[in-house]
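The opening residue of the sequence shown carries number 2 in the working numbering; numbering runs sequentially from there. Note that beta-carbon positions come from the ideal geometry of N, C-alpha and C, so glycine has one too. Okay, structure first, notes after.
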Amino acid sequence: MAKVTIYTTSTCPYCMAAKNLLNRKGVTFEEIDVSGDAQRREAMTQRANGRRTVPQIFIGEHHVGGFDDMNALERAGKLDALLEA
Numbered sequence: 002m003a004k005v006t007i008y009t010t011s012t013c014p015y016c017m018a019a020k021n022l023l024n025r026k027g028v029t030f031e032e033i034d035v036s037g038d039a040q041r042r043e044a045m046t047q048r049a050n051g052r053r054t055v056p057q058i059f060i061g062e063h064h065v066g067g068f069d070d071m072n073a074l075e076r077a078g079k080l081d082a083l084l085e086a
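Dropping the structure here:
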C-alpha cells in the first residue's frame, strides 16, 4: 500500500472528512498538522505546487489535492488503485 500523507489543521472540517474517509477504508496515514507552524505550512505549500489550503493529500508522491479531489476519486472508483500502487 502506498504511503499516504495528509496536511491538516485541528479545526478544519474538510480535514476531518478526509481522515474519516481514509479511516473507513482502513488506510494508515501520516498526519502533519500545520496549525500555527509557518515552516510546516510553507513546506506543504511548496510540495502542493502553491496550494495553501488544507487538507493537502499525497498518496506516495502523487499530489491528490484536497478532500473534494480525493472524494471525487473515490466516487469515480479510482482511489483504491492509487492506494494500492
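- Per DSSP, the continuous alpha helix (DSSP H) segment holding F68 begins and ends at 68–76.
- Taking 8 Å as the cut-off, the beta carbon of A86 is found closer than this to the beta carbon of A3.
- Between F30 and T54, the CB-CB gap reaches or exceeds 8 Å.
- Within the DSSP bridge table, the entry for D34 names T9 as partners.
- Taking all protein chains shown into account, P56 has 16 or more neighbouring C-beta atoms within 10 Å of its C-beta and is therefore buried.
- Classified as exposed, K26 has fewer than 16 neighbouring CB atoms from the shown chains inside 10 Å of its CB.
- In the DSSP assignment, T46 falls within the alpha helix (DSSP H) that extends over 39–48.
- Between Y15 and F59, the gap from beta carbon to beta carbon reaches 8 Å or more.
- Taking A18 as reference, the option from E75, L84, K79 with the minimal CA-CA separation is E75.
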